[in-house]
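To keep things clear, I will list the structure first and then write my remarks on it.
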């Protein structure tokens, strides 16, 4: 859903692409996974899905729009 929402998609620590290692905040750089390796391995289907979603978001004007309307509802 992040890729289809308004604004810039932000991803955090690889779970979005099926990373296998748990996130280690204190020593992330020493224990990071190869995202390119995931494209050929277990994450290949997910990478393909993201590529398809990017193509949709680039091709659809409604998704590309930066006009964000935030409705306010009062109880």
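Residue numbers (the UniProt record's numbering): 1 to 75. We put the CB at the ideal spot given by N, CA and C, even for glycine.
Around the beta carbon of residue 43, a 10 Å sphere encloses 16 or more other beta carbons of the protein chains shown; the residue is thus reported as buried. Take the alpha-carbon of residue 54 and the one of residue 24: they are about 28 Å apart. The straight-line gap separating the alpha-carbon atoms of residue 26 and residue 41 is approximately 27 Å. Judged by DSSP in its simplified three-state form, residue 4 adopts helix.
Going by beta carbons, residue 4 and residue 65 fall outside the 8 Å limit.
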